[in-house]
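Residue numbers (our numbering): 841 to 1144.
Structural data, given as structure tokens:
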């Protein structure tokens, strides 16, 4: 009986969308950017009847973008996001430089004046908020933080002695310092006492982990349960990581604060299309010596 020889089967090359994900993660793009790019690349492929992007080029991209603008009637922001996703696909994944898109019009962003709340309007809105959402919203207002910047704060990022907050990898992936509003110190300390009490109780039961950035969990495996790395605004629920068998807690989800702010806005009677982000655009700045802008001190523990 003749002997059979087993031939080595060459490994299958990664699928296109897996290559897109890998290229995003190598560049440390945010999960939201990765999700958006995957969405538009899929739309582009389906639009051209599932042709592989390697067989297409500038005319197909221009046709897709034109269809979005003419038929889909998408906003300028959405059209530009789709454009960026396709440029990323061809430049960073397929290794092709697109040279025939110079005449492809980029959607012009409309210029809108930001919604600005007066101190009285902010006070009216915050007056209808309670608990953790009220404290987080007051922090947005008093420190000029963005929504996710506030919710992703960790214990070590708040320096009560220096009266400052350190924002890690904010917009543009840059760290920066901002003021800790004096009127919020007691409320924030009281909140952290409650958070630490729950942390200590769970630590006796085995502890709950938090995710660490940039692979720090591999370098410092015990840091996931250390107090300094815990969230300032932790979520109430935990989840089990099936890969590690460890229980984790995420920070408070942004929709919790967004819903609470929207309801407070409705109950306050303030007739403006305000959002949590609007708290950063408030008009009560004062000019300090040297020409720098500062926010006035806040009166009460949660006063605006």
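Beta carbons are placed, not taken as given, at the ideal position from N, Cα and C, and that holds for glycine.
Residue i to residue j span [Cα, whole Å]
i            : j            : result
residue 1094 : residue 892  : 37 angstroms
residue 1031 : residue 972  : 8 angstroms
residue 878  : residue 1099 : 28 angstroms
residue 967  : residue 867  : 43 angstroms
residue 925  : residue 1035 : 40 angstroms
residue 856  : residue 1027 : 50 angstroms
residue 869  : residue 888  : 27 angstroms
residue 930  : residue 1014 : 27 angstroms
residue 1046 : residue 998  : 26 angstroms
residue 1041 : residue 962  : 36 angstroms
residue 854  : residue 1050 : 31 angstroms
residue 1044 : residue 915  : 52 angstroms
residue 1059 : residue 876  : 30 angstroms
residue 858  : residue 960  : 51 angstroms
residue 1017 : residue 1061 : 28 angstroms
residue 1065 : residue 1033 : 17 angstroms
residue 1103 : residue 883  : 35 angstroms
Residue i burial status per 10 Å Cβ neighbour count (16 or more: buried)
i            : result
residue 1121 : exposed
residue 1108 : buried
residue 983  : buried
residue 985  : buried
residue 969  : buried
residue 864  : buried
residue 974  : buried
residue 895  : exposed
residue 917  : exposed
Cβ-Cβ distance between residue i and residue j below 8 angstroms
i            : j            : result
residue 1105 : residue 981  : no
residue 965  : residue 860  : no
residue 1024 : residue 957  : no
residue 821  : residue 880  : Residue 821 is absent from the model: the chain starts at 841 and stops at 1144.
residue 1075 : residue 955  : no
residue 953  : residue 938  : no
residue 1082 : residue 1101 : no
Contacts around residue i, its chain only, beta-carbon distance under 6 angstroms, and the 5 residues preceding and following it disregarded
i            : result
residue 1020 : 1003, 1004, 1005
residue 1145 : For the chain, the structure presents residues 841 to 1144; residue 1145 sits outside this window and is missing.
residue 900  : 888
Selected residue, minimal CA-CA separation from residue i, among the options
i            : options              : result
residue 1080 : 1016, 1072, 1048     : 1048
residue 1070 : 904, 1037, 901, 935  : 1037
residue 934  : 862, 911, 1084       : 862
residue 1084 : 1103, 1057, 1075     : 1057
residue 871  : 906, 899, 1053, 1102 : 1053
residue 1117 : 987, 1060, 905       : 987
residue 904  : 895, 885, 1017       : 885
residue 898  : 936, 993, 1103, 1063 : 936
Own chain partners of residue i with C-beta closer than 8 angstroms, once the 5 adjacent residues on each side are dropped
i            : result
residue 976  : 990, 991, 1073, 1092, 1097
residue 1029 : 1000
residue 1078 : 1048, 1087, 1088, 1089
residue 907  : 887
Closer than 7 angstroms: residue i CB and nearest the ligand NAD heavy atom
i           : result
residue 993 : As far as ligands go, the structure on display features none, and thus does not contain the ligand NAD.
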